[in-house]
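S.K.:
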Amino acid sequence: MIERKWWKEGVVYQIYPRSFKDSTGNGVGDIEGIIQKLDYLQSLGITMIWLCPIYESPNHDNGYDISDYRKISDEFGGSTSFDRLLEAMHQRGLKLIMDLVVNHSSDEHHWFKEAKKSKDNPYHDYYIWRGDNQNQSPNNWQSFFNGSVWKWNDTTEEYFLHLFTHKQPDLNWENPKLRQEVYDIIEFWLDKGIDGLRMDVISLISKRLEFSDVPNDMPFIDVMEQVYANGPRVHEFLKEMNDKILSKFDVVTVGEGPGVNLEHGPRYVSATEKELNMVFHFDHLTIDYGLEGKYDPVPMCFIRFKSIFSQWDKALANNGWNSIFLGNHDFSRIVSRFGNDGIYRLESSKLLVTLLMTLRGTPYIYQGDEIGMTNVSHESISDYDDVETQNAWRAAEDKGKDMNKFMKAVHWQSRDNARTPMQWDDTEYAGFSSAKPWIPLNENYTSINVAAADVDQNSILNYYRRVIAYRKANHTLIYGYFEDINPEHQQIFCYRRWDTYGEFLIVHNFSDHAVDWENPDKTLTFQIGNYDKQNKSKLAPWESRIFCKV
Ligand code: TEU
C-alpha cells in the first residue's frame, strides 16, 4: 500500500525566473513578476512551484553558480520580494520548492575565494584539489560543458575539480565541515517556511577519489552513470542530510539525478532508506543522444520511450515515488521534441499533458509548455546565450566538425530552446517585459501566447486546466497501478491504471497518421480527449483519450 502524501497528490509548475515575467523593465524576469502571475498559475490548478535559482550569482550558468546561498539576488528583487512571494503563495495554498545547488558553488563564493589562497586556509578543504604539474591534468575527465574538469590554481600550484564550468568548482563532501555548512543552509531556508527542495545534480556529490582515467571511447552517458554519479558515499551523505535536517520538517525533496539508472534510482527514493522523496532520472531525456552525446542526436525509439516509463514505474512501485516530466530548462521544448510542433502542435501538446497527468508519480510542468511554446532556430550562434551551447559550439569548431550540421543539432538540443521569454501576449516583447529581453524571443509569440489561449475554449491552455483538474480529482490516476497493455505497438501508448477505487484506460497516438484502434473494454467509457469527436475504430493523429469505469 502506497502511503498518501500531499506532494504525491499535487502538480508542480517549474519557473525559470529570468524568463518568466519582468516587472521592472530591465529585460530580466523577477520575483515581483511571478507575484503578478499567481492568479494565472492558480487558474492552471497547479499546487506547487519549483523556482530555479534566485540566489546571488555571477550568472555564468544563470544562477547555478551561487556566490551567496542565503541571499536572494537583487536583480530578482532581493529578500523583500521573496518574503512577499512566499506569503502570497501560502495565502493561496501554493507550496514553494527552491533549487539547492550544492555539488558546486560559484568561484566567487567567499569559500572559494579563501580556499584558493593557500593550502592551509581553513576553506581549502571545502573544494577538491589534485595534481602538481601544470602541464599534466590529474586525469582525462571531460566536463559536462566541454573541456577538462581540472583548472590550475597558481597560488597553491594544484588543480581544482569542476564537473561543470571552471566558474563552478565542485564542493568537497568528504569534509564534514562542508556538509554541516550545507545542512545549515538548508535549515535557513526551511526555517523561512519553504516547502521543498530540488537538489541540483545531487547524484554527483560523492566522488570516486581515485580519479582514474575513463576509456577514451566511452560515451558520455556511460561516463556520467559509472564514473561521475552514484559515488561510493552518496547514499551515506543523503541519509545524513535527511537525518540531521530534512526529517525535522514536512517538506518535499526531489534530487536531480544525471546518471541515476534503474538500478540506483530506488535507493535514492525508497521510503525506508530515508534519503529523498523523488529523483529526476534522464533515461527518456537522453534517449536521442548519439555516441558523441547530446549534439550528436539520433532518432528516438518509441518502444524504448514507452519501456522507460514502464520500467521506472515497476522499479518504484512498492517503495518510492516517481517524478513525471518531459522537459525543463535544460532541454528542448516538449512539443518540439516529443510531439509535432507544426500542424499538430495543438493536438500533440494536449497529448503530452494527458500523458503527464495519467502516469503514476508527481507531474512537473515547465513554464510555457501549457501554451505549446516551441523550439527556436536562430541563424547565428551569437543569438544563443547558454554556456553549454556556446562551449559545445567552440569544441565542435576546434574538432573541425561540419558546422551547418552542428547548427541543426543546436536547433534541436540547445537549452535556450526552453529559456526564451514566456509569451504572455502579442504586444512588443510578448508582454514579458517593456524592454528588450535578455535573450531573444521566439518570434511566434504573436500567435502563441497566454492572452490568446485564455479566451479560446479549444486552446492547449484550457485543455491543461481540464486535465490537471481531472488528475487531481481521481485517486486512481495518482496512486493506481500502471500497466502498459501494448508495449510493442509502434505508434500507440496504451495503459491501464487501477486500484480499489476505480479503473482507467488511457491511449495516445504518437504519430502524424490515423491508426486503427478500438476500445478493448466496453465497460470503460470515454471521459476526456483532445479531439471533439471520436471515431470508434481509429485514433486521429496525436489523439489522446481517457476512459474510465463508472
Ligand atoms: O543540470 C545538470 C545536468 O545534468 C545538465 O547539465 C544536463 O546534462 C545538461 O543540461 C543537458 O544538456 C543542472 C541544472 O539543471 C543545469 O541548468 C545546470 O547548468 C547544471 O546542473 C549545473 O549546475
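Each residue of the sequence shown is one higher than the last, beginning at 561 in the numbering used here.
We put the beta carbon where it would ideally sit given N, CA and C, even for glycine.
1. Just the Cα atoms here: how many angstroms apart are E1078 and A1100?
2. Cβ atoms of R975 and H1068: under 8 Å apart, would you say?
3. Starting from the Cα of D751, find the closest Cα among R793, L806, V709 and give me that residue.
4. Thinking just about the alpha-carbon of each residue, which of I657, T716, F705 is nearest to the one in W749?
5. Residue range of the alpha helix (DSSP H) that I632 falls in?
6. Using the beta-carbon count (16 or more within 10 Å), is C861 buried or exposed?
7. Using 8 Å as the cut-off, can you tell me whether the segment 691–711 makes contact with the segment 641–654, which would need three or more C-beta pairs spanning the two stretches below that distance?
8. Sorry if obvious, but does the Cβ on H669 come closer than 7 Å to a heavy atom of the ligand TEU?
9. Hey, would you say D985 sits closer than 8 Å to V1010, going by beta carbons?
10. Could you tell me whether the Cβ atoms of K866 and F1064 are closer together than 8 Å?
11. Three or more C-beta pairs closer than 8 Å, one from the segment 847–856 and one from the segment 816–832: is that the case here?
12. Where do the ends of the alpha helix (DSSP H) carrying Y1023 lie?
13. Check whether the segment 568–581 and the segment 914–925 touch, using three or more Cβ-Cβ pairs below 8 Å as the test.
14. From the DSSP output, read off the bridge partner residues of Q574.
15. Please state if the CB of N882 and the CB of M838 are separated by a distance shorter than 8 Å.
16. Please identify the residue among S1019, P577, N802 whose C-alpha is closest to the C-alpha of K597.
17. Using DSSP bridges, identify the partner residues of V812.
18. Compute the Euclidean distance between the alpha carbons of P997 and P981, then round it to the nearest angstrom.
19. When you compare each of K874, W733, V913 to R893 by their alpha carbons, which one comes out closest?
20. Using 8 Å as the threshold, is the C-beta distance between I609 and I575 below it?
21. If you scan the segment 823–847 from start to end, which runs of the alpha helix (DSSP H) of 4 or more residues do you find wholly inside it?
22. Exposed or buried, which one is Y1055 when buried takes at least 16 other CB atoms within 10 Å?
23. Look at the Cβ atom of S697, then the Cβ atom of Y683, and state whether they are nearer than 8 Å.
24. Inspect the CB distances between the segment 824–832 and the segment 871–880 and report whether three or more fall short of 8 Å.
25. Per DSSP, which residues does S708 bridge with? Please list them.
26. For the ligand TEU, I want to know if D843 counts as a neighbour, meaning its beta carbon is within less than 7 Å of at least one of the ligand's heavy atoms.
27. Is D760 close to the ligand TEU? I mean its beta-carbon at under 7 Å from any heavy atom of the ligand.
28. What does the Cβ neighbour count give for E796, buried or exposed, with the cut at 16 atoms within 10 Å?
29. Can you tell me whether DSSP reads S993 as helix, strand or coil?
30. Helix, strand or coil for F898, going by three-state DSSP, please let me know.
31. Below 7 Å CB to CB, which residues in the same chain sit around A990 once its five sequence neighbours on both sides are set aside?
32. Between the alpha carbons of S942 and R954, how many angstroms are there, rounded?
33. In angstroms with no decimal places, state the Cα-to-Cα distance between G756 and T813.
34. Spatial neighbours of Q1051 within its chain, please: C-beta separation below 7 Å, excluding the five flanking residues on both sides.
35. Between the C-alpha atoms of T716 and K673, what's the straight-line distance to the nearest angstrom?
36. Going by DSSP, what residue range makes up the beta strand (DSSP E) through D1044?
M.R.: So, to answer that:
1. Here residue 1078 refers to the residue found at position 518 when the sequence shown is read from its first residue. Here residue 1100 refers to the residue found at position 540 when the sequence shown is read from its first residue. Using only the alpha carbons, I get a separation of about 12 Å.
2. Translated into positions along the sequence shown, residue 1068 becomes position 508. Translated into positions along the sequence shown, residue 975 becomes position 415. 8 Å or more divides the Cβ of H1068 from the Cβ of R975.
3. Here residue 751 refers to the residue found at position 191 of the sequence shown. If we check each option's Cα against that of D751, L806 comes out closest.
4. As a working note, residue 749 is residue 189 in the sequence shown. Per the Cα distances, I657.
5. The sequence position of residue 632 within the sequence shown is 72, counting from 1. Not the alpha helix (DSSP H): I632 falls in the beta strand (DSSP E), residues 628–632.
6. Numbered from 1 along the sequence shown, position 301 holds the residue referred to as residue 861. Classification for C861: exposed.
7. No contact exists between the segment 691–711 and the segment 641–654.
8. Taking the first residue of the sequence shown as position 1, residue 669 is located at position 109. Not under cutoff, so the answer is no.
9. Position 425 of the sequence shown, counting from 1, holds the residue named residue 985. Position 450 of the sequence shown, counting from 1, holds the residue named residue 1010. For D985 and V1010, yes; Cβs fall inside 8 Å.
10. The residue you call residue 866 lines up with position 306 of the sequence shown. The residue you call residue 1064 lines up with position 504 of the sequence shown. No, they are not a contact pair.
11. With the cut-off at 8 Å, the segment 847–856 and the segment 816–832 do not touch.
12. Reading the sequence shown from its first residue, position 463 is the one you call residue 1023. From DSSP, the alpha helix (DSSP H) with Y1023 extends over 1020–1033.
13. Touching, per the Cβ criterion.
14. Here residue 574 refers to the residue found at position 14 when the sequence shown is read from its first residue. Its beta-bridge partners are W610, Y926.
15. Residue mapping note: residue 838 aligns to position 278 of the sequence shown, counting from 1. Residue mapping note: residue 882 aligns to position 322 of the sequence shown, counting from 1. Annotated as proximal: M838 and N882, with beta-carbon spacing under 8 Å.
16. Position 37 of the sequence shown, counting from 1, holds the residue named residue 597. Relative to K597, the option among S1019, P577, N802 whose CA is nearest is P577.
17. As a working note, residue 812 is residue 252 in the sequence shown. G756.
18. What you label residue 997 is simply residue 437 of the sequence shown in a count that begins at 1. What you label residue 981 is simply residue 421 of the sequence shown in a count that begins at 1. Approximately 7 Å, taken between the alpha carbons.
19. For the purposes of this step, residue 893 is taken as the residue at position 333 of the sequence shown. Of the candidates K874, W733, V913, the one whose C-alpha sits nearest the C-alpha of R893 is V913.
20. As a first step, residue 609 is located in the sequence shown; it is residue number 49 there, counting from the start. As a first step, residue 575 is located in the sequence shown; it is residue number 15 there, counting from the start. In contact: I609 and I575 (Cβ atoms closer than 8 Å).
21. As far as the segment 823–847 is concerned, its whole alpha helix (DSSP H) runs of at least 4 residues are 825–829.
22. Looking up residue 1055 in the sequence shown gives position 495. Buried: at least 16 other Cβ atoms inside 10 Å.
23. Residue mapping note: residue 697 aligns to position 137 of the sequence shown, counting from 1. Residue mapping note: residue 683 aligns to position 123 of the sequence shown, counting from 1. Result no, Cβ atoms of S697 and Y683 do not sit closer than 8 Å.
24. By the Cβ rule, the segment 824–832 counts as touching the segment 871–880, because three or more pairs are nearer than 8 Å.
25. Counted from its first residue, the sequence shown places residue 708 at position 148. Looking at the DSSP assignment, S708 forms a beta bridge with Q702.
26. Taking the first residue of the sequence shown as position 1, residue 843 is located at position 283. No heavy atom of the ligand TEU is found nearer than 7 Å to the CB of D843.
27. Here residue 760 refers to the residue found at position 200 of the sequence shown. A heavy atom of the ligand TEU is found nearer than 7 Å to the CB of D760.
28. Translated into the one-based positions of the sequence shown, residue 796 becomes position 236. The Cβ neighbour count for E796, taken over all protein chains shown within 10 Å, is under 16; the residue is labelled exposed.
29. Here residue 993 refers to the residue found at position 433 of the sequence shown. Under the three-state reduction of DSSP output, S993 falls in the coil class, being neither helix nor strand.
30. The residue you call residue 898 lines up with position 338 of the sequence shown. Here DSSP, grouped into helix, strand and coil, assigns F898 to helix.
31. Counting from 1 along the sequence shown, the entry for residue 990 is found at position 430. Excluding sequence positions up to five before and after A990, its CB lies within less than 7 Å of the CB of P981, Q983, W984, L1001, Y1005, N1009, all in the same chain and listed in chain order.
32. Here the question's residue 942 lines up with position 382 in the sequence shown. Here the question's residue 954 lines up with position 394 in the sequence shown. Roughly 12 Å separates the two Cα atoms.
33. Within the sequence shown, numbered from 1, the residue matching residue 756 stands at position 196. Within the sequence shown, numbered from 1, the residue matching residue 813 stands at position 253. Cα to Cα, the separation comes out at about 6 Å.
34. Against the sequence shown, residue 1051 aligns to sequence position 491. Only N1069, F1070, S1071, V1075 meet the Cβ criterion.
35. Stepping through the sequence shown from its first residue, residue 716 is reached at position 156. Stepping through the sequence shown from its first residue, residue 673 is reached at position 113. If I take the Cα positions, the gap works out to 12 Å.
36. Translated into positions along the sequence shown, residue 1044 becomes position 484. Counting along the chain, the beta strand (DSSP E) containing D1044 begins and ends at 1041–1044.
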